[in-house]
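A.B. asks: Attaching a single structure in C-alpha cells format; questions to follow.
Residue numbers (the numbering used here), protein chains in the order written: chain A, 397 to 941; chain B, 397 to 941.
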C-alpha cells in the first residue's frame, strides 16, 4: 500500500525559487573577475537565471543537452547553474586547472554544446576548440564593456546574451531522477570519468549537508565557498546557502590569503569551506599581518587530510571551529564529517584532537563500510584496514557513457581508499588502495610512513611505494628528497622511524633522489615514481641475482 | 536523460539502522509507565524492533496491514514504530484522549489488526473492542511481572510477545512511497480523517526538520519530546533524534511541570518540544519552586499560538530560546518556524518580538501561499488575509479511504486556516476559515477580537462568532463569560475594544453567558456555540421583525 502524500519531485529549481520567495533581498556578493565587488540578491539571481534558461532555449538547447561552465565562484556562475538545470539541461562544470588536451577530451566526451566561460579562460578555449566540434557557442561571463578586442565576433558576452530574454520561464516539471550536473574526476589513472548527478541526488545532498553536524547553515550565516563550483559542486554550497537564505560571498579568481581575509572581514563571513592549502595561506597571512577573524565561526576542511597545526591555529588563536570533512566527486561529495559525537564531545580538548584529525563519521543518508580483499566486512576497531565502501542516494552507480554499474553485489561503491573505522565510528583514510603495500598478506600504509619520514629535519619530501619482493610479495621502499644542501644516510631515516611504526613496516631500503615528482594538484605523483623505479630491485634481490 | 546515481529508497528502517551503526550506545531514557526510569540504547532499540517485526510476521501481519499503537512516549513505543514500519506494515497511532466511541470508529475505519497498548488504556479497549471486529490481538506494552490480573488470558504482554523472537529480520527493500504511518485528525467537523504518511514523506520531513533553523538537532543534544507520538508524529522527533544520534528522553505518562522539570535536569536535556500549556505548567512549577533550567537551550512551541509571556519567561528568566512552530497532522507536521531570518535577526530584541509571536517562515521543502476566495494569490504585506495553502512532499494529497485528491488545481492543500504573510516572509494565523466573519466582502478575525475581549479584567472567557446580517451578510457577535461574582454591561466591553480594532470590526452585540463550552483539547467549541445561538438575531433585526 502506498502513502497518500503529495507528488513533489525534488528538482533544484525549487531551491532558488525558495530563496527568491522567502529571502529575496538576501545578498550574493562577488569579487568579480572584472575587479570590483558586485552585489546582487537571490531575487535577482533567480530572475537572471530564468533569462539564462530562455537564452538556452532560444539557442536550441533541449532537456538532456550538456551545457558547460568553466568559471570561478561568482554570482553569474550561480545564475548559469540554475538556468541550465531549471530546464532539464545538464550543467557540466569544467575544471580549468586541467591540461588543455584533457579539457578538450572531456568536452568531446561530454558533447558540450555551449560553454559559459570566465574571461581568463577564453584564449585557451579559442586555441583548442577545433578539437571539440560539439561546441556551437562560447558565451563569456562578462558584459560588452569588458569585451576583449582579441575575441572573434562569434564569441558572445553573457550580459548581451541574456539581456534580451524574458525573466519568466517555466522550470521543473520533470522526473527528479533527471540528470542535473556532470563533473569529471581528475583521473589519476586512465581517462577522466564523468559523474552524472541527478536533481534528486543534489537535492538530498542539500538536505543532508544542512544538518547541524554537517554544514549546519542558518539564514543568519554568511558563507564563503573557496572550494570551486567546478570541484565537486563546491561541496554543495551553491544549493545549501540559497536553500536556507544564507548570504553567499563569492571569491571569484582570487584565493590568496589577503583576498580571502579581506572578504571574510568586510562581508561578515561566518562559515567557509576550502582545502587545507587555502587555510594555510590564510593563516600565514594572518601571522604576517596580525590580522584577526572577527566574524568567522566555523570552517570546513576537506580535499586532503588537515594537519593538526591548522586545526589548532584556528581553534586556539582565532576561536574558529574546524570541521574535518571527507568526500569525493562520486559522492556529491560529502560523506563523513568530524563533528563531535556525544562520546567524543565528552573527552578533553587534547583527547578530542585524535578524533578531529580523522575524517569523521557519516551523516544520515550515507552508508559506510570497510571490506577486506575478499569482500568481507572488517571490524570497526580503529586497527583493521579495509577498502572504504559507500552507499547512498548521493553516490554514483556508474559513469557517463561508462557502461554498467560500478557498485558491488551489496550496492556499495568502492572509493579506492583504504581506511580504518574506530569503535566510536570515526573513519580515517590510511592510504589509496593502489598505494597500500601488501606484505605477507598484511597491509602497510604508505601514507603513514611518508608522513613520519617527511617529518625528519633533513627531508624536503618523502614517498613510499611497494616494490616486488620474492618472499613477502611487496615490501616498502622509502624515497627521500633532501632539503637543499643536506646529506644523509638511509640509516638515519630508518632510525627516525624506529618505535613509531611496527617493526615489520620498516622500509627494506631508502633511496635519495634529486626531486620527487608532484602532480597537477600538488600531490606526490606515485604513478610517475613507479615508472621511474620500475627496474629497481631490493638489495637482497640484487645480491641474489 | 536520467542521472547515474544510486537507487537508495528513503525508507525509515535506514534511520534506526543508522543510529544503531554509528550511535549504538547513545541512550534512550524513559520514565516508564510502570514507574522507574528505564535506560536503553539505539543499539538495543534496533534489535528489539527487529523482534517486534518478527512477532508481527509470525502473527500473520503482511505489508500494508495496519498495526495500531495507543501509547505514551516511551522506548517501547519507539521499538514498535520501527518494528512495524520496517516490514512495510502501517503504524497507526491512536489518540487515547478521544472519546471511546470515536476511537472505535477510527479502529474500524483503519481496520487495525493488532493494537499495541500502554497499560492505562487496556480497560477502555477491553470494554469497547467488541465494536472493532478487525482487531485480532491486544499486546500490552509491559512485561509478565506487571500483568494485571483483570486482563483476560488472550491479552499478551509485549516482553513475552517479542521475547521468543530473533533479533535478525530483513527490513526495507520496498518502494519509498510505501505507506508507513496513519494518523487521524481530531475531526472538529465531520468524521475523523486518516493521513497516510509514506516512508518518503517521513524521511524527507526528517531531513527538513534537522536543518539548523528548524529543529537543528546535533549528536550532542538530549531531546525530550513532550508532544506525543500519537499527535502528528511527535513533530518528527522519533525519526530526527536517532537520525543524528541525539539522546532521547521519553516522559511516559507524566507531563506535569514537576515531572518534566525533573527529567530536564537529571537527563541534561538541551532541546524540548511541546504545546504552550505544557510550558505554562513548567514555568508555574519553576516559579513556585525557584527551580532553574541548567542544560535546556531551545524549546519548540506549537499546536496553538504561543503567548508572549511564555516566550519572554524562557528567554529573559532562563536563557532558553523559544522557536514558534506551526503545522498540522496533514503536513507531517512542521510547516513554518519562527527562527530569525537575517533581516529579523538585525532588529532589536523588542522589535523581534513582533516576529517571534508569528508562526514563522517555511523551510526548504514547504511551499506556502495565501489565496483569496476566488483562488487568487494574496499579497505578502502582513495585512491581506488569505486561505493558507501548503504544498510539498510532506503534505497530504488525500485521506485514507477518502476517495480522491484534496488539493486544488495548483496542487495546494487548503489548511483551513486564514493567515497573513508579511514582507519579511513571516506567516501569522489569524483565524480558522470557518470562524472568520465575512462582513460586506471583508474579513474580520474572530480570534483577534476574542483575544482582546478576554483581556478585559472582568472576563473569564470570550468568544466571537459571525451571525447573519441582512445588509453585511455577517457581523460579529461577542459572547462573554464573566469571572465569578462579576457583573458588566456590554458597553464596557465595546469601550475596551475601542481604538484597538478597526471601527467596522466592533461587534454588533455583546451577550453574557453562564459558561462558554470548551472542546476536548481545551479550545473554545465554536460548533456548539453556533448551535446554542442558532435562533439569535441582532437587535436591529429583532426590531425590524
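Don't be surprised by glycine CBs; every beta carbon is placed ideally from N, CA and C.
Taking only runs that begin and end inside the segment 862-925 of chain A, name each unbroken beta strand (DSSP E) of 3 or more residues, in chain order.
C.D. replies: List check, beta strand (DSSP E) in window: 869-878 and 905-908.
A.B. asks: What first and last residue would you give for the alpha helix (DSSP H) that runs through residue 589(B)?
C.D. replies: Along the second chain, read from residue 1 onward, the residue named residue 589(B) stands at position 193. Counting along the chain, residue 589(B) falls outside any alpha helix (DSSP H), and DSSP gives it neither H nor E.
A.B. asks: List, in chain order, every chain B residue whose beta-carbon is nearer than 7 Å to that of residue 758(A).
C.D. replies: For the purposes of this step, residue 758(A) is taken as the residue at position 362 of the first chain. What residue 758(A) touches in chain B: 418.
A.B. asks: Check whether the Cβ of residue 489(A) lies closer than 8 Å to any Cβ atom in chain B.
C.D. replies: Indexing the first chain from 1 puts residue 489(A) at position 93. With 8 Å as the cut-off, residue 489(A) does not count as an interface residue toward chain B.
A.B. asks: Only counting runs of 3 or more residues, tell me where the beta strand (DSSP E) segments fall wholly within the segment 686-730 of chain B, in order along the chain.
C.D. replies: Runs found: 694-697 and 717-723.
A.B. asks: Just mark residue 880(B) as buried or exposed, buried being the case when its beta carbon has 16 or more other beta carbons within 10 Å.
C.D. replies: Here residue 880(B) refers to the residue found at position 484 when the second chain is read from its first residue. When all chains shown are included, residue 880(B) counts as exposed.
A.B. asks: Which residues of the segment 494-528 of chain A have a Cβ closer than 9 Å to any Cβ of chain B? Give them in chain order.
C.D. replies: Flagged: no residues at all.
A.B. asks: Take residue 832(B) and list the residues in its own chain whose beta-carbon comes closer than 8 Å to its own, dropping the five residues that flank it on each side.
C.D. replies: Locating residue 832(B) in the second chain gives position 436, counting from the first residue. Excluding residues within five positions, the ones whose Cβ falls inside 8 Å are 781, 814, 826, 839, 840, 841, 842 and 862.
A.B. asks: Note down the Cα distance separating residue 661(B) from residue 775(B), rounded to an integer number of angstroms.
C.D. replies: What you label residue 661(B) is simply residue 265 of the second chain in a count that begins at 1. What you label residue 775(B) is simply residue 379 of the second chain in a count that begins at 1. Answer to the nearest angstrom: the Cα atoms are 46 Å apart.
A.B. asks: Roughly how many angstroms separate the alpha carbons of residue 665(B) and residue 433(B), rounded to a whole number?
C.D. replies: Position 269 of the second chain, counted from the first residue, corresponds to residue 665(B). Position 37 of the second chain, counted from the first residue, corresponds to residue 433(B). Approximately 15 Å, taken between the alpha carbons.
A.B. asks: What does residue 796(A) touch in chain D if you count any residue whose Cβ is under 9 Å from its own?
C.D. replies: Within the model displayed, chain D is absent; protein chains A and B are what it includes.
A.B. asks: Among 578(A), 588(A), 608(A) and 816(A), whose alpha-carbon lies nearest the alpha-carbon of residue 779(A)?
C.D. replies: What you label residue 779(A) is simply residue 383 of the first chain in a count that begins at 1. Closest option to residue 779(A), Cα to Cα, is 816(A).
A.B. asks: Quick one: which chain B residues come within Cβ less than 7 Å of residue 911(A)?
C.D. replies: As a first step, residue 911(A) is located in the first chain; it is residue number 515 there, counting from the start. Near residue 911(A) there are no residues of chain B at all, since even the closest Cβ is about 40 Å away, more than 7 Å.
A.B. asks: Name the DSSP beta bridge partners of residue 667(B), please?
C.D. replies: Taking the first residue of the second chain as position 1, residue 667(B) is located at position 271. 619(B) and 694(B), per the DSSP bridge assignment.
A.B. asks: So, does the CB of residue 710(A) fall closer than 8 Å to a CB anywhere in chain B?
C.D. replies: The residue labelled residue 710(A) in the question sits at position 314 within the first chain. For residue 710(A), the answer is no, since every Cβ of chain B falls outside 8 Å of its Cβ.
A.B. asks: Which residues, in order along the segment 638-672 of chain B, keep a beta-carbon less than 9 Å from a beta-carbon of chain A?
C.D. replies: Cβ contacts with chain A come from 638, 639, 640, 641, 642 and 643.
A.B. asks: Residue 512(B): which of 493(B), 480(B), 529(B) and 500(B) sits nearest, CA to CA?
C.D. replies: What you label residue 512(B) is simply residue 116 of the second chain in a count that begins at 1. Selected option, being the one with the closest Cα: 480(B).
A.B. asks: From residue 934(A) to residue 902(A), what distance separates their C-alpha atoms?
C.D. replies: Counted from its first residue, the first chain places residue 934(A) at position 538. Counted from its first residue, the first chain places residue 902(A) at position 506. The alpha-carbon atoms of residue 934(A) and residue 902(A) are separated by roughly 13 Å.
A.B. asks: Could you give the DSSP three-state label for residue 554(B): helix, strand or coil?
C.D. replies: Sequence index remark: in the second chain, residue 554(B) carries index 158 (1-based). Helix, per DSSP.
A.B. asks: Is residue 520(B) near residue 496(B), with beta carbons less than 8 Å apart?
C.D. replies: Along the second chain, read from residue 1 onward, the residue named residue 520(B) stands at position 124. Along the second chain, read from residue 1 onward, the residue named residue 496(B) stands at position 100. Yes, Cβ-Cβ distance for residue 520(B) and residue 496(B) is below 8 Å.
A.B. asks: Quick check on DSSP: helix, strand or coil for residue 749(B)?
C.D. replies: Position 353 of the second chain holds residue 749(B). Three-state DSSP puts residue 749(B) in a helix.
A.B. asks: What is the DSSP secondary structure of residue 857(B), reduced to helix, strand or coil?
C.D. replies: Sequence index remark: in the second chain, residue 857(B) carries index 461 (1-based). It is a strand residue.
A.B. asks: Jot down the residue ranges of each uninterrupted beta strand (DSSP E) in the segment 761-830 of chain A, minimum 3 residues, whole runs only, in chain order.
C.D. replies: Qualifying beta strand (DSSP E) stretches, in chain order: 763-767, 782-787, 809-817 and 823-828.
A.B. asks: Are there 16 or more other CB atoms within 10 angstroms of the CB of residue 944(A), so buried, or fewer, so exposed?
C.D. replies: Outside the displayed span of chain A (397 to 941) sits residue 944(A), for which this structure offers no information.
A.B. asks: For residue 613(A) and residue 608(B), which I take to be in contact (beta-carbon distance under 8 Å), what is that distance rounded to the nearest angstrom?
C.D. replies: By 1-based counting over the first chain, the position of residue 613(A) is 217. By 1-based counting over the second chain, the position of residue 608(B) is 212. Right, their Cβ atoms sit about 7 Å apart.
A.B. asks: Check each residue of the segment 602-613 of chain B: if its Cβ is closer than 8 Å to any Cβ of chain A, include it; give the result in chain order.
C.D. replies: The residues in question are 602, 603, 604, 606, 607, 608, 609, 612 and 613.
A.B. asks: Mind pulling the chain A residues with CB within less than 9 Å of residue 592(B)?
C.D. replies: Residue numbering aside, residue 592(B) sits at position 196 when the second chain is read from its first letter. Correct list: 397, 398, 399, 400 and 401.
A.B. asks: Taking 8 Å as the CB-CB limit, is residue 597(B) close to chain A?
C.D. replies: For the purposes of this step, residue 597(B) is taken as the residue at position 201 of the second chain. Yes, because at least one Cβ of chain A sits closer than 8 Å to the Cβ of residue 597(B).
A.B. asks: Could you check the C-alpha separation between residue 408(B) and residue 402(A) for me, to the nearest Å?
C.D. replies: Locating residue 408(B) in the second chain gives position 12, counting from the first residue. Locating residue 402(A) in the first chain gives position 6, counting from the first residue. So the alpha carbons of these two residues sit roughly 18 Å apart.
A.B. asks: Taking Cβ-Cβ distances shorter than 9 Å, what residues in chain B pair up with residue 350(A)?
C.D. replies: Only positions 397 to 941 of chain A appear in this structure, which leaves residue 350(A) out of reach.
A.B. asks: What residues from the segment 732-746 of chain B come within 8 Å of chain A, judged by C-beta to C-beta, listed N to C?
C.D. replies: So the list reads 735, 736, 737, 738, 739 and 741, given in the order they occur along the chain.
A.B. asks: Can you have a look at residue 758(B) and say buried or exposed, based on whether 16 or more other CB atoms are within 10 angstroms of its CB?
C.D. replies: Position 362 of the second chain, counting from 1, holds the residue named residue 758(B). Looking at its Cβ environment, which holds 16 or more other Cβ atoms inside 10 Å, residue 758(B) is buried.
A.B. asks: Less than 8 Å between the CB atoms is what I'm expecting for residue 932(A) and residue 873(A), so what's the real figure, rounded?
C.D. replies: Here the question's residue 932(A) lines up with position 536 in the first chain. Here the question's residue 873(A) lines up with position 477 in the first chain. With a Cβ gap of about 7 Å, residue 932(A) and residue 873(A) count as contacting.
A.B. asks: Between which two residues does the alpha helix (DSSP H) carrying residue 957(A) extend?
C.D. replies: Absent from the model: residue 957(A). The displayed extent of chain A is 397 to 941, so no value can be given.
A.B. asks: If the cut is a Cβ gap below 9 Å, which residues of chain A does residue 789(B) touch?
C.D. replies: As a working note, residue 789(B) is residue 393 in the second chain. Simply 401, 402, 403, 404, 405 and 406.
A.B. asks: Compare the C-beta of residue 720(B) against all C-beta atoms of chain A and say whether one is closer than 8 Å.
C.D. replies: Start at 1 with the first residue of the second chain, and residue 720(B) comes out as number 324. By this cut-off, residue 720(B) is not an interface position.
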